[in-house]
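Trainee:
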Amino acid sequence: MKKPGFPVWLFALLSFGSLYAQDGNVLPAGIPTDGVHIRDPFVLADSSDGTYYMYGTTRGDGFDVFSSRDLETWQGPRAIFQRTPDFWGDQCFWAAECHAYKGKYYLFATVRGAADSLLGTAVFVADSPKGPFREHSKGRLTPRTWQALDGTLYVDGKGNPWMVFCHEWTQLGDGTVEAVRLSRNLKKAVGKPATLFRASSAPWVRPHTPGNYVTDGPFLYRNRKGELLMLWSSFGDRGYAIGVARSQSGEVAGPWLQMPEALFARDGGHGMLFRTFDGELLLSIHRPNVPPDERPRFFRVEEKADGSLCLVEKQAE
Numbered sequence: 024m025k026k027p028g029f030p031v032w033l034f035a036l037l038s039f040g041s042l043y044a045q046d047g048n049v050l051p052a053g054i055p056t057d058g059v060h061i062r063d064p065f066v067l068a069d070s071s072d073g074t075y076y077m078y079g080t081t082r083g084d085g086f087d088v089f090s091s092r093d094l095e096t097w098q099g100p101r102a103i104f105q106r107t108p109d110f111w112g113d114q115c116f117w118a119a120e121c122h123a124y125k126g127k128y129y130l131f132a133t134v135r136g137a138a139d140s141l142l143g144t145a146v147f148v149a150d151s152p153k154g155p156f157r158e159h160s161k162g163r164l165t166p167r168t169w170q171a172l173d174g175t176l177y178v179d180g181k182g183n184p185w186m187v188f189c190h191e192w193t194q195l196g197d198g199t200v201e202a203v204r205l206s207r208n209l210k211k212a213v214g215k216p217a218t219l220f221r222a223s224s225a226p227w228v229r230p231h232t233p234g235n236y237v238t239d240g241p242f243l244y245r246n247r248k249g250e251l252l253m254l255w256s257s258f259g260d261r262g263y264a265i266g267v268a269r270s271q272s273g274e275v276a277g278p279w280l281q282m283p284e285a286l287f288a289r290d291g292g293h294g295m296l297f298r299t300f301d302g303e304l305l306l307s308i309h310r311p312n313v314p315p316d317e318r319p320r321f322f323r324v325e326e327k328a329d330g331s332l333c334l335v336e337k338q339a340e
């Protein structure tokens, strides 16, 4: 999403990034969760070493990772990708998320192209969740003429990888969520994107500005009934929010049925779900949505008998 007050938001990120040395280890170990400044927090629970790795949006010229054993104190930030002078992207290093896939770790992340000022999602690869990551896709996998962002990986029941992403409201007015199939090696898109739904299709969504509806941060989750759910963000009556849609076919093509009410309704968003090493299902978001105060927040989530999701804790007002 193009952030409201973008120049201020970018300045805050660049200033924040200046606190970090190139080795990514200026801040001491043992940072409490509410001391970590990050947007779009994505948590990878890596059972191979019993560590939680958190990625997202932290600075204007690359990507970082924080690590924790208990989700309460964090080590980092550790730089995992740093823009070089010959890299095709120049700004807006946003919404990094890390997926384990076929023995390696893949970072799906949004970058703005220096030549055309368009946003898109690219893929980076590493042998470890701690990086370092190198470019894998050789540019954006989203269409080259689109303002697109927040790509996430989904692997269907036949083992085919897909990228689900957002086509920005800044080009469309009514932003969309799109899906495109990827090659098995995640290096290129196969075919053209398909529109899954528009932002205005959700009853809880309100226009961000008159006539403009935002789509942001899709994340796919299969519940215990085997249904495919999608978390995604937009704006509701109380600001930035997270809704849920259910695939009526059980796969990424949909059609997608929007839940009437937001899962998280007040000034927090870009959510994803992960399980702790004890098996608890947690929702990870950033809250509030105003720089420079964004922090990661984790909420326990339960699945109801009908497969829908609900927060265990009451939302803070």
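The working numbering puts the first residue of the sequence shown at 24, with every later residue one more than the last.
The beta carbon of each residue, even a glycine, is placed where N, CA and C say it ideally should be.
Remember, predicted model here, so these are calculated numbers, not experimental data.
Nearest to W279 by CA position, among A68, A217, T165, is which residue?
Mentor: Within the sequence shown, residue 279 is the residue found at index 256, counting from 1. Nearest of A68, A217, T165 to W279, Cα basis: A217.
Trainee: Inspect the beta-carbon positions of P152 and E95 and report whether they are closer than 8 Å.
Mentor: For the purposes of this step, residue 152 is taken as residue 129 along the sequence shown, with counting starting at 1. For the purposes of this step, residue 95 is taken as residue 72 along the sequence shown, with counting starting at 1. For P152 and E95, no; Cβs fall outside 8 Å.
Trainee: Measure the C-alpha to C-alpha separation of G174 and Q114 and round it to an integer number of angstroms.
Mentor: If you number the sequence shown from 1, residue 174 lands on position 151. If you number the sequence shown from 1, residue 114 lands on position 91. Rounded to whole angstroms, G174 to Q114 spans 17 Å at the Cα level.
Trainee: Can you give, in chain order, each stretch of the alpha helix (DSSP H) that sits fully within the region 188 to 268 and has at least 4 residues?
Mentor: Taking only runs of at least 4 residues, the alpha helix (DSSP H) segments lying wholly in the region 188 to 268 are 192 to 195.
Trainee: Taking 8 Å as the CB-CB limit, is T218 close to chain B?
Mentor: In the structure shown, chain B cannot be found, because there is only a single protein chain.
Trainee: Measuring straight from C-alpha to C-alpha, what distance separates A171 and L141?
Mentor: Within the sequence shown, numbered from 1, the residue matching residue 171 stands at position 148. Within the sequence shown, numbered from 1, the residue matching residue 141 stands at position 118. Spanning the two alpha carbons is a distance of roughly 8 Å.
Trainee: Taking the alpha-carbon positions, what's the R163 to F86 distance?
Mentor: Your numbering for residue 163 matches position 140 in the sequence shown. Your numbering for residue 86 matches position 63 in the sequence shown. Going from the Cα of R163 to the Cα of F86 covers about 16 Å.
Trainee: Let me make sure I understand the geometry here. Which of P166, A123, S270 has the alpha-carbon closest to that of G214?
Mentor: By one-based count along the sequence shown, residue 214 stands at place 191. Measuring from the Cα of G214, the nearest candidate turns out to be P166.
Trainee: Could you tell me if S70 is buried or exposed, where buried requires 16 or more neighbouring beta carbons within 10 angstroms of its beta carbon?
Mentor: Walking along the sequence shown from the start, residue 70 turns up at place 47. By the neighbour-count rule (16 or more Cβ atoms within 10 Å), S70 is not buried but exposed.
Trainee: Just to confirm the assignment, what range does the beta strand (DSSP E) spanning I308 have?
Mentor: Residue mapping note: residue 308 aligns to position 285 of the sequence shown, counting from 1. Note, I308: beta strand (DSSP E), 304 to 310.
Trainee: Go through its chain and collect everything with a Cβ distance to H309's Cβ below 8 Å, but skip five positions before and after it.
Mentor: Translated into positions along the sequence shown, residue 309 becomes position 286. So the list reads I61, R62, D63, P64, G79, G291, G292, H293, E317, R318, P319, R320, once near-sequence residues are dropped.
Trainee: Whose C-beta lies closer than 6 Å to the C-beta of S256 among residues of the same chain, with five residues either side of it excluded?
Mentor: For this step, residue 256 is matched to residue 233 along the sequence shown. Result list for S256: D239, G240, I265, G292, H293, in chain order.
Trainee: Of all the alpha helix (DSSP H) runs that stay within the bounds of the region 70 to 96, which reach a length of 4 or more residues?
Mentor: Here no run is fully enclosed.
Trainee: Sort T232, L176, L332, S91 by Cα distance to R207 and report the nearest one.
Mentor: Here residue 207 refers to the residue found at position 184 when the sequence shown is read from its first residue. The candidate whose alpha carbon is nearest that of R207 is L176.
Trainee: Can you name, in chain order, every residue of its own chain whose Cβ lies under 7 Å from the Cβ of G262, other than the five neighbours on each side?
Mentor: By one-based count along the sequence shown, residue 262 stands at place 239. Within the same chain, G262 has close Cβ partners R289, D290, N312.
Trainee: Please go through the same chain and pick out, in chain order, the residues whose beta-carbon is closer than 6 Å to the beta-carbon of A202, but skip the five residues on each side of it.
Mentor: Position 179 of the sequence shown holds residue 202. Here the set comprises W185, V187, A217, L219, V275.
Trainee: Tell me which same chain residues have a C-beta within less than 8 Å of the C-beta of G249, skipping the five on either side of it?
Mentor: By 1-based counting over the sequence shown, the position of residue 249 is 226. Here the set comprises G273.
Trainee: Considering only their Cβ atoms, is the gap separating F287 from L252 smaller than 8 Å?
Mentor: Against the sequence shown, residue 252 aligns to sequence position 229. Against the sequence shown, residue 287 aligns to sequence position 264. Result no, Cβ atoms of L252 and F287 do not sit closer than 8 Å.
Trainee: Taking 8 Å as the cut-off, decide whether the C-beta atoms of P226 and Q271 are in contact.
Mentor: Here residue 226 corresponds to residue number 203 of the sequence shown, with the count starting at 1. Here residue 271 corresponds to residue number 248 of the sequence shown, with the count starting at 1. No, they are not a contact pair.
Trainee: Note the first and the last residue of the continuous beta strand (DSSP E) segment covering V324.
Mentor: Taking the sequence shown and counting its residues from 1, one reaches residue 324 at position 301. Looking at the DSSP string, the run of the beta strand (DSSP E) that includes V324 is 318 to 326.
Trainee: Could you check whether D197 and Y236 sit closer than 8 Å to each other, using their CB atoms as the reference points?
Mentor: Taking the sequence shown and counting its residues from 1, one reaches residue 236 at position 213. Taking the sequence shown and counting its residues from 1, one reaches residue 197 at position 174. The answer is yes: Cβ separation under 8 Å.
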